[in-house]
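Here's the structure, in structure tokens; my notes come after.
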Amino acid sequence: MKYIREDKGMTLIVKSVTRLTLGFILLYGIYITLNGHAGPGGGFAGGVIVALSFVHIMLAFGKEVALKRLRAWLLRVSIGIAALIFLYVAVIRSSFVSCPVFSTEVIIPLCEMVIVGGGLFAIFIALVLLSKGDKDAE
Amino acid sequence: MTVYILCLILFSIGLYCVVRKRNLIKIIIGIGIMDYAVNLFFVLIGYREGGRSPIFASDQVIDKMVDPLPQSLVLTSIVIGLAITLLLVAIAIRIYEKYGTFDITKINKLKG
Amino acid sequence: MVEIHLLILFMIAAAVIAVQAKDLLSSVIAIGAVGIGLSMVFLALKAPDLAIMQLVVEILSLIILIRATIRKDLPFSVSGRWFFNTSSVVLFLIVFLTAANLALKKTSSFGSPAMGTANIYIEGAKSLKVANVVASITLHFRALDTLGEVTILFTTIVGVLAIARKVGHEKADRS
Numbered sequence: 000m001k002y003i004r005e006d007k008g009m010t011l012i013v014k015s016v017t018r019l020t021l022g023f024i025l026l027y028g029i030y031i032t033l034n035g036h037a038g039p040g041g042g043f044a045g046g047v048i049v050a051l052s053f054v055h056i057m058l059a060f061g062k063e064v065a066l067k068r069l070r071a072w073l074l075r076v077s078i079g080i081a082a083l084i085f086l087y088v089a090v091i092r093s094s095f096v097s098c099p100v101f102s103t104e105v106i107i108p109l110c111e112m113v114i115v116g117g118g119l120f121a122i123f124i125a126l127v128l129l130s131k132g133d134k135d136a137e
Numbered sequence: 000m001t002v003y004i005l006c007l008i009l010f011s012i013g014l015y016c017v018v019r020k021r022n023l024i025k026i027i028i029g030i031g032i033m034d035y036a037v038n039l040f041f042v043l044i045g046y047r048e049g050g051r052s053p054i055f056a057s058d059q060v061i062d063k064m065v066d067p068l069p070q071s072l073v074l075t076s077i078v079i080g081l082a083i084t085l086l087l088v089a090i091a092i093r094i095y096e097k098y099g100t101f102d103i104t105k106i107n108k109l110k111g
Numbered sequence: 000m001v002e003i004h005l006l007i008l009f010m011i012a013a014a015v016i017a018v019q020a021k022d023l024l025s026s027v028i029a030i031g032a033v034g035i036g037l038s039m040v041f042l043a044l045k046a047p048d049l050a051i052m053q054l055v056v057e058i059l060s061l062i063i064l065i066r067a068t069i070r071k072d073l074p075f076s077v078s079g080r081w082f083f084n085t086s087s088v089v090l091f092l093i094v095f096l097t098a099a100n101l102a103l104k105k106t107s108s109f110g111s112p113a114m115g116t117a118n119i120y121i122e123g124a125k126s127l128k129v130a131n132v133v134a135s136i137t138l139h140f141r142a143l144d145t146l147g148e149v150t151i152l153f154t155t156i157v158g159v160l161a162i163a164r165k166v167g168h169e170k171a172d173r174s
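Quick note, the sequences are listed as chains A, B and C, same order. Sequential numbering from 0 applies to the first sequence in numbering that gives the first Met the number 0. Sequential numbering from 0 applies to the second sequence in numbering that gives the first Met the number 0. Sequential numbering from 0 applies to the third sequence in numbering that gives the first Met the number 0.
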């Protein structure tokens, strides 16, 4: 709420609508991920939707607020943990069979969603900062 | 068969754009169009007349499915297309920062 | 079948606009129209997984292309080396259409696919009690494909971050 009064980013209408719809976009991404075995969807599409919700914050509020909400070390740590879980499922898979929460249908799309979402948001930040630096150099 | 020929026309447009145009962003767009055409061709091969989508349902009336294997391959191919686009855009922005232009012939001239 | 023809014709028209437009921004938006048309074609071809995937990926690549082309609107000239470019286009098109003609003779006709391997996958998905056959193929039978997909994405992330690195600046303001 206090971010709205700042001058960075787009107009007041865009900021209010972003604040209302942000949670629903995130929830829809998680739904697409977990629904991949019963209907259309999957890990990659859900991950891209999650990344698009962060991109949405960044386009509406500006760079600082988005980076304040999602720190860089958090991104790196979550991607690393997801990749390690991938490796764990691949190597020691038999211990997961008993627990239904950690079955293959749930854990692989979730890890893929985290990796894809964090990675694409990192790429977007890198490209935007690259073109900003370009503008400053001119 | 006409659908295949339309798909070939789409691929030819992308090939023309890649070979003929001189702007870097236009070349990225041409690669994207070729990517779309190849994905479309794969899915067109697996289509069955009057089939249904490859999802089991409890009350299935039609028994025949569309071929699910090309769809599963194209799912990977779309990801590769996105990766190619991202990497090319990063290289293009870097080239613009270095040379100040997107024109490939001017980049050649400035190098010597 | 009429709607698939109409949608592919729409895609071809949007692709011609994207290739021939003078303005870079309108060209990028026309490529977005091609991608969303492709998503609708996937939906008409009974592939809802691919339709969702194509729509989402198209939005992301459109945002990034607009970020790349905005404020860099250049005049677009086609002068110079006209003969070489056109002859190379003709040469490439001849090679490609010859190969495509040879390939189209071997493919089965539209609407009746040769489901050789696919029947095995469908039976396997039925025995595993997974509703979505495409998700069953990508996660159970061809899980190495998914691993390759994530590997490609990881390589892209590392590559883009390495290209976008500022040499000689402090790295405090970067992720």
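Every residue gets a Cβ at the ideal spot worked out from N, C-alpha and C, and that includes glycine.
Checklist entry - Does the region 0–20 of chain B touch the region 87–104 of chain C, meaning 3 or more C-beta pairs lie closer than 8 Å? => result By the criterion of at least three beta-carbon pairs nearer than 8 Å, the region 87–104 of chain C is in contact with the region 0–20 of chain B.
Checklist entry - How close, in whole Å, do the beta carbons of A/Ile31 and A/Gly40 come, if the pair is a contact with beta carbons under 8 Å? => result Sure, about 4 Å apart at Cβ, within 8 Å.
Checklist entry - Which of the residues in the region 68–94 of chain B, read from start to end, lie with their CB under 7 Å from any CB of chain A? => result Against chain A - using a Cβ distance shorter than 7 Å - the residues of the region 68–94 of chain B are Val78, Leu85, Val88, Ala89, Ile92.
Item to check | Chain-ordered neighbours of C/Ala142 on chain B, where CB pairs are closer than 9 Å | outcome: Neighbours of C/Ala142 on chain B: none; closest Cβ ~11 Å, over 9 Å.
Item to check | Paired residues, beta bridge with B/Ile54 - DSSP | outcome: Per DSSP, C/Asn131.
Checklist entry - Given a threshold of 16 other Cβ atoms within 10 Å of its Cβ, counted over all protein chains shown, does C/Ala134 qualify as buried or as exposed? => result The residue is buried, with at least 16 neighbouring Cβ atoms inside 10 Å.
Item to check | Proximal chain A residues relative to C/Ala14, where beta-carbon distance stays under 7 Å | outcome: Within chain A, no C-beta atom comes nearer than 7 Å to that of C/Ala14; the closest sits roughly 23 Å away.
Checklist entry - Who are B/Arg47's beta bridge partners in DSSP? => result Beta-bridge pairing by DSSP links B/Arg47 to C/Gly110.
Item to check | Coil, strand or helix - B/Asp102 by DSSP | outcome: DSSP places B/Asp102 within a strand segment (E or B) once states are collapsed to three.
Checklist entry - Taking C-alpha atoms, which residue in A/Arg70, A/Leu83, A/Ile48 lies nearest to A/Val115? => result Comparing Cα positions, the closest option is A/Ile48.
Item to check | Own chain, CB closer than 7 Å to B/Ile12, minus 5 neighbours either side, in chain order | outcome: If we look at B/Ile12 and ignore the five residues flanking it on each side, its Cβ neighbours are Ile32.
Next on the checklist: Is there a Cβ of chain C sitting closer than 8 Å to that of B/Asp62, yes or no?
Outcome noted: Residue contact with chain C for B/Asp62: absent (no Cβ-Cβ distance below 8 Å to any residue of chain C).
Checklist entry - So B/Val78 packs on C/Ile62, CB below 8 Å; how close in whole Å? => result Not really, about 17 Å apart at Cβ, beyond 8 Å.
Checklist entry - Can you check whether the CB of C/Gly110 is closer than 8 Å to the CB of B/Glu48? => result Contact check for B/Glu48 against C/Gly110 passes: the beta carbons are separated by less than 8 Å.
Checklist entry - Looking at chain A, which residues of the region 45–56 of chain C have a Cβ within less than 7 Å of any of its Cβ atoms? => result Contact residues of the region 45–56 of chain C toward chain A are Pro47, Asp48, Ile51, Met52, Val55, Val56 (C-beta to C-beta distance below 7 Å).
Checklist entry - Is the CB of A/Phe43 under 8 Å away from at least one CB in chain B? => result Among the residues facing chain B, A/Phe43 is included, as its CB has a counterpart in that chain under 8 Å away.
Item to check | Outcome for A/Gly46 when other beta-carbon atoms lying within 10 angstroms are tallied against a minimum of 16 | outcome: Counting of Cβ neighbours within 10 angstroms places A/Gly46 among the buried residues, the total reaching 16 or more.
Item to check | Beta-carbon proximity of A/Thr10 to A/His55, cut-off 8 Å | outcome: The beta carbons of A/Thr10 and A/His55 sit no closer together than 8 Å.
Item to check | Sequence-distant residues of the same chain with beta carbon closer than 7 Å to C/Ala13, five excluded per side | outcome: So the list reads Ala29, Ala32, Val33, Gly36, once near-sequence residues are dropped.
Checklist entry - Applying a beta-carbon distance threshold of less than 9 Å, which residues of chain C neighbour A/Ala59? => result None at all; the shortest Cβ gap to chain C is about 13 Å.
Item to check | A/Ala71 classed as buried or exposed, judged by whether at least 16 other C-beta atoms fall within 10 angstroms | outcome: Counting of Cβ neighbours within 10 angstroms places A/Ala71 among the exposed residues, the total staying below 16.
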